[in-house]
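What follows is a short report on a single structure.
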Amino acid sequence: MKKTRMIKFYAALVCVAMSTGFLKSEAQVKPRNAGVSPLKVIDGKLLNQQGQPAQLRGISLSWSIWAGRKYYNPDVVSWLKADFKINLLRVSMAVEPDSGYLQDPMGQEQLVTKIIDAAISKGLYVLIDWHDHHANKNLVQSKAFFAKMSKRYTGVPNVIYEIWNEPERIDWSIIKNYAEQVIAEIRKNDKDNIIVVGSPSWDQDVDVAAKDPIQGVSNVAYSFHFYASDPGHQEHLMAKADEALKLKLPLFVTEWGVGEANGDGEFNVALTTKWLNWMEANQLSWANWNITDKKETTAILNPGASVKGHWSTGDLTPAGLYIRNQLNRLN
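According to our numbering, the residues represented by the sequence shown are 225 to 555, in order.
Written out as structure tokens, the structure is:
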């Protein structure tokens, strides 16, 4: 009996402490000093609070598992802001493979929120990326995750929700239905922040989405992905994006690489520069793929680069040197 009374007594103390502000639940602990302008989508354009075009440029972290996981720390965020001059960081939370969110939801959530908070504290915009090719099969988990994220970050304008990375060859109607359900979940908590919707064929068929966009919801953009050195279809792919832009679909290049779609292959500087100039001409926001030291063409870092940032030029791959120079020039 005494033990029961003691437990009830301590429970009452905790309730009093929380009600008076001495303790806070995790959902209540959120960064407030955002330091950036709220964004909005109007007439197919991403705009800042003053109604001017808001072009964000930055880098994507790699899958939050495997080789790239070790770079998920605040020191890397600080270095990317100071040295690469990014104003956008994409946090690519792995969902399905190995130790991704489906197998380790608490671990993945803790990992990515630490980085999101670090990015916000540095005055960066941050893409929360549900890095999943089969998100329609994981709708329940996705809705639960974005309900948590939107509750945690409501009122923090730095945050952008990317709700499905690269749907594969799947009908737009399936993607649209998934997006409408997840958007509704986010909007229960966060009424204003930008939400980025995927498109068929690994975020390439934006012309299809442009003919049947999501209706009745504000501040929605659509992801477009390309790998600049992929042989054979660059003109066709750019034409699809141009068609979407003509139809005033707001595009956000949440992922692109200097190499080929498998992450490796050729780094064609001429083709890459053509794509970069195209994004600049259309004032599109972008995040380059990716921060890892895996021996691949699109990797920013050479094998063995420090997990704490402070990279010399010798630590950077040809892709890393190119992207760092372009970010320093443009941002």
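For each residue, glycine too, the CB sits at the ideal point set by N, CA and C. Given the structure is predicted, the values throughout are model-derived calculations rather than measurements.
{"Check": "Contact check, Leu326 vs Glu320, beta carbons under 8 Å", "Outcome": "yes"}
{"Check": "Status (buried if at least 16 other CB within 10 Å, exposed otherwise) for His358", "Outcome": "exposed"}
{"Check": "Contacting residues, own chain, Cβ-Cβ under 7 Å from Leu335 (five flanking each side not counted)", "Outcome": "Ser288, Tyr296"}
{"Check": "Beta-carbon gap between Thr496 and Val482 smaller than 8 Å", "Outcome": "yes"}
{"Check": "7 Å Cβ shell around Phe491 - same chain, five flanking residues per side excluded", "Outcome": "Ser453, Val482, Gly483, Thr521, Pro542, Ala543"}
{"Check": "Collapsed DSSP secondary structure at Lys248 in the structure displayed", "Outcome": "Caution applies to Lys248, whose pLDDT of 40 falls short of 50 and renders its modelled position unreliable; the value that the coordinates give is listed next. Here Lys248 sits in coil by DSSP."}
{"Check": "Under the three-state DSSP convention, the category Pro455 falls into", "Outcome": "coil"}
{"Check": "Cβ-based burial, Lys248 [other Cβ within 10 Å; buried from 16]", "Outcome": "Residue placement at Lys248 cannot be trusted, given a pLDDT of 40 that sits under 50; what the coordinates show is reported in the next sentence. The residue in question, Lys248, is exposed, as its Cβ has fewer than 16 Cβ neighbours within 10 Å."}
{"Check": "Residue from Ile339, Ile283, Leu263, Ile410 whose Cα sits closest to the Cα of Asn549", "Outcome": "Ile283"}
{"Check": "Inter-residue spacing [alpha-carbon to alpha-carbon] between Arg174 and Pro437", "Outcome": "Shown here, the chain extends from 225 to 555; a query on residue 174 therefore has no answer."}
{"Check": "Nearest candidate by alpha-carbon position, reference Leu263, set Met330, Met503, Leu348, Asn389", "Outcome": "Leu348"}
{"Check": "Inter-residue Cα distance where the pair is Pro527 and Phe450", "Outcome": "25 Å"}
{"Check": "Proximity winner among Val350, Ser345, Ser323, relative to Ile419 (alpha-carbon distances)", "Outcome": "Val350"}
{"Check": "Residues bridged to Arg314 (per DSSP)", "Outcome": "Ser284, Leu351"}
{"Check": "Sheet register partners of Phe308 (DSSP bridge)", "Outcome": "For Phe308, which the question treats as bridged, DSSP gives no partner whatsoever."}
{"Check": "Closest residue to Ala468 among Asp431, Ala511, Gly489, Met330 (Cα-Cα distance)", "Outcome": "Asp431"}
{"Check": "C-alpha gap between Gly379 and Lys415, whole angstroms", "Outcome": "9 Å"}
{"Check": "Identified DSSP bridge partners for Gly489", "Outcome": "Gly489 is not bridged to any residue."}
{"Check": "Residue(s) in a DSSP beta bridge with Ser447", "Outcome": "Phe476"}
{"Check": "Residues of its chain near Gln252, where Cβ-Cβ distance is below 7 Å and the 5 sequence neighbours each way are ignored", "Outcome": "Note that Gln252 has pLDDT 43, beneath the 50 cutoff, so the model's placement of it is unreliable and the number below is only indicative. Cβ within range, chain order: n/a, list empty."}
{"Check": "Contact under 8 Å by Cβ, Ser345 with Ser316", "Outcome": "no"}
{"Check": "Segment limits, alpha helix (DSSP H) that includes Val531", "Outcome": "No alpha helix (DSSP H) contains Val531, which DSSP labels as neither H nor E."}
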